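What follows is a single structure, written as structure tokens, with notes after it.
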Amino acid sequence: MAPVSVAAGIGVGLAAAGVFALAAAAADEAVARGAYLARAGGCFACHTDVKGGGAPLAGGGRIETPFGTFFGPNLTPHPDHGLGHWTEADFFAAMTEGRAPDGARYYPTFPYTSFSTTARADLADLWSYLRSLAPVARANTPHELKWPFGWRFLNRIWQWLFFRPQTFAPDPAHDAHWNRGAYLSEALLHCKECHSPRSRLGALKISLAYAGNRDGPGDTTVPNITADAETGIGRWSEIDVVWLLKTGFKPDGNDVQGIMAELIEHGSSHLSDDDLTAVAAYIRSLEPIRYQVRKPRAESGTPGGEFNY
Ligand code: HEC
Ligand code: HEC
């Protein structure tokens with residue numbers, strides 16, 4: 117072979133290697149962005165058997181609700197026990213339509229009702245991240261639901277009644293920072309899924325969005341986080357909200373417990389300061405709603421006595 121073509125051959129080889137390296141770097145970045153978004157979405161809290169020391173996202177997170185106990189399924193790419201056979205389109209349908217690959221509908225305990233608002237590019241990054249996980253052979257734990265909620269076909273009726281997939285439309289009356297906060301809070305961070313009351317059929321009462329929930333998941337009461345000074349967090353500053361989402365400490369020096377603490381530990385404490393201040397700006401701008409949620413026993417001292425309809 118003539119020296120010239122050898123050199124050219126090497127040149128082509130190097131260029132190809134360069135393209136592969138670039139593609140690999142781009143894929144790594146997508147995975148890193150996806151890992152960040154998975155934190156934001158609280159995927160770890162519900163899809164990991166934290167108490168049993170299970171592998172991250174391999175399923176088994178326990179979610180107590182008034183309808184029974186749910187167990188987050190295995191999201192690793194295991195072919196039998198996880199999402200090994202799923203396509204990206206299957207993942208998009210689960211996240212934005214609450215629809216399984218076989219057409220069955222998910223329970224709204226999986227907050228697809230909020231996730232449906234997530235931008236396609238962010239979903240693609242999340243999917244890249246889930247695909248990058250090591251497959252874990254952990255069989256899913258069946259949910260333990262009260263009659264009649266065990267009938268999955270009821271979810272189809274529920275969706276028909278209460279669910280319309282949403283897309284996020286930025287509000288031109290606000291700046292990009294606020295809109296970023298609105299997007300994160302409404303979509304992946306799904307704050308209002310816990311912080312709003314639900315009807316007996318589990319539909320969010322949108323007129324009381326963010327005003328708290330007396331029957332929250334895990335038998336907790338979830339506080340009002342609208343700007344009402346008496347029943348909400350009207351006296352909190354933006355920094356107070358950022359501090360809570362980062363550390364779990366409230367302005368009075370007490371720390372939050374239970375699911376909010378888990379969500380902070382496995383989720384919001386990993387977010388960038390930019391994103392946290394954006395979320396705080398949005399949350400602090402919520403219209404005040406006067407709605408008294410029973411305070412936790414330890415704090416109120418009068419168990420059950422704080423209802424105020
Ligand atoms: C509040 C708890 C909760 C959070 C937070 C949550 N999930 Fe889930 N997820 C569930 C439950 C419960 C199910 C099962 C629903 C069912 O059986 O109908 C589920 C199901 C799923 C499924 C379908 C799995 C299958 O095998 O069919 C996918 C995909 C999924 N979640 C992805 C995610 C991702 C990605 C995140 C983070 C962005 C996330 N989930 C956050 C509770 C949660
Ligand atoms: C999985 C359910 C859940 C989600 C999702 C959730 N929270 Fe919470 N949150 C709670 C519960 C429960 C408490 C009460 C914890 C306690 O009192 O120890 C709480 C407490 C709080 C408090 C303290 C309020 C007070 O008066 O003490 C703030 C502020 C708050 N959450 C903001 C948020 C924001 C912002 C988001 C979205 C980024 C969010 N929460 C998402 C369940 C949730």
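Each residue of the sequence shown is one higher than the one before, starting from 117 at the first, in my numbering.
Ideal Cβ placement from N, Cα and C applies to all residues, glycine included.
All values reported here derive from a predicted model rather than from experimental measurement.
Extent of the continuous alpha helix (DSSP H) run through residue i
| i | result |
| --- | --- |
| Glu180 | Per DSSP, Glu180 belongs to no alpha helix (DSSP H); it is in the beta strand (DSSP E), 178-181. |
| Gly374 | 374-382 |
| Phe278 | 270-278 |
| Phe231 | 228-231 |
| Tyr87 | The question about residue 87 has no answer here: the residues shown for the chain are numbered 117 through 425. |
| His163 | 159-163 |
| Arg400 | 389-400 |
| Glu346 | Unbroken run through Glu346: none, as it is neither H nor E. |
| Lys308 | 307-310 |
| Asp426 | This structure cannot settle anything about residue 426, because the visible part of the chain is limited to 117 through 425. |
| Leu360 | 354-363 |
Range of the contiguous beta strand (DSSP E) that encloses residue i
| i | result |
| --- | --- |
| Gly297 | First-last for Gly297: 292-302, but that is the alpha helix (DSSP H), not the beta strand (DSSP E). |
| Thr212 | Looking at the DSSP string, Thr212 is not in any beta strand (DSSP E); the run it does join, the alpha helix (DSSP H), is 204-213. |
| Phe187 | 184-187 |
heavy atom of ligand 1 below 8 angstroms from residue i C-beta
| i | result |
| --- | --- |
| Tyr223 | yes |
| Ile273 | no |
| Glu260 | no |
| Arg268 | yes |
| Pro251 | no |
| Ala237 | no |
Residue i, buried or exposed, once every other Cβ within 10 Å from all chains shown has been counted against 16
| i | result |
| --- | --- |
| Arg413 | For Arg413, the predicted structure reports a pLDDT of 47, less than 50, and the residue's modelled location is therefore unreliable. A value from the coordinates is still provided. With fewer than 16 other Cβ atoms within 10 Å, it is exposed. |
| Asn271 | buried |
| Arg254 | buried |
| Thr192 | buried |
| Asn424 | For Asn424, the predicted structure reports a pLDDT of 25, less than 50, and the residue's modelled location is therefore unreliable. The matter cannot be settled from this model. |
| Val135 | exposed |
| Pro258 | exposed |
| Ile322 | exposed |
| Glu403 | exposed |
Reference residue i; option with closest CA among the options
| i | options | result |
| --- | --- | --- |
| Gly157 | Val166, Pro288, Asp389, His382 | His382 |
| Pro182 | Glu260, Leu138, Trp243 | Glu260 |
| Asp368 | Ser401, Glu309, Ile349, His197 | Ile349 |
| Asn295 | Leu138, Val395, Ala137 | Val395 |
| Trp202 | Ser244, Phe186, Ser232 | Ser244 |
| Glu354 | Pro195, Glu309, Ala397, Leu304 | Ala397 |
| Leu104 | Phe160, Gly170, Ser230, Tyr407 | There is no way to answer for residue 104, as the model of the chain reaches only from 117 to 425. |
| Asp335 | Ala345, Cys159, Ile179 | Ile179 |
| Leu153 | Ala327, Pro404, Ser385 | Ser385 |
Near ligand 2: residue i beta-carbon under 8 angstroms from a heavy atom
| i | result |
| --- | --- |
| Leu277 | no |
| Ser384 | yes |
| Pro333 | yes |
| Glu381 | no |
Count Cβ pairs between the segment 258-268 and the segment 301-315 that sit closer than 8 angstroms; are there 3 or more? No, the segment 258-268 does not touch the segment 301-315.
Does the segment 250-259 come close enough to the segment 205-218 that 3 or more CB-CB pairs lie under 8 angstroms? Between the segment 205-218 and the segment 250-259 there are fewer than three inter-stretch CB-CB distances shorter than 8 angstroms, so the stretches are not counted as touching.
Is there contact here, the segment 275-286 with the segment 370-388, by at least three beta-carbon pairs under 8 angstroms? The segment 370-388 and the segment 275-286 do not touch, with fewer than three beta-carbon pairs separated by less than 8 angstroms.
When you compare the segment 295-303 with the segment 334-348, are there three or more beta-carbon pairs, one atom per stretch, that lie closer than 8 angstroms? The count of Cβ pairs closer than 8 angstroms, one atom from the segment 295-303 and one from the segment 334-348, stays below three, leaving the stretches out of contact.
State whether the segment 221-230 contacts the segment 134-152, with contact taken as three or more CB pairs (one from each stretch) at a distance under 8 angstroms. The segment 221-230 and the segment 134-152 do not touch, with fewer than 3 CB-CB distances between them shorter than 8 angstroms.
Closer than 8 angstroms is the cut-off here; do at least three beta carbon pairs connect the segment 172-188 with the segment 227-242? The answer is no - the segment 227-242 does not touch the segment 172-188, with fewer than three Cβ pairs under 8 angstroms.
Using 8 angstroms as the threshold, is the segment 389-407 in touch with the segment 164-171, meaning 3 or more CB pairs across them? Too few Cβ pairs lie closer than 8 angstroms, so no.
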